[in-house]
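Numbering (UniProt numbering), first residue to last: 1 to 78. No residue lacks a Cβ here, since even glycine has one placed at the ideal position from N, Cα and C. This report concerns only the one structure given below.
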């Protein structure tokens, strides 16, 4: 499953970041802010209109991610 498919409040673990040649900069940004294999992550909430952006907690930090960015992060439930 990818992070954009997770439900609010679900506790997950990052498995890997999917990589596409045109997304190298985004992948590096995600890794820099803590989306690394083994890290705990959860969806705190989504915007009412279409669910975009999503408020994500990774480790002890909170970030807003667009659904298309969250789709690069493969996760598994804990």
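- A straight line joining the alpha-carbon of residue 42 with that of residue 22 spans about 26 Å.
- For residue 20 and residue 27, the gap between their C-alpha atoms comes out near 9 Å.
- Comparing alpha-carbon positions, the option among 10, 72, 33 lying closest to residue 60 turns out to be 33.
- It is roughly 15 Å from the alpha-carbon of residue 58 to the alpha-carbon of residue 7.
- Shown here, residue 3 sits in a helix according to DSSP, grouped into three states.
- DSSP places residue 39 in the coil class of the three-state scheme, outside both helix and strand.
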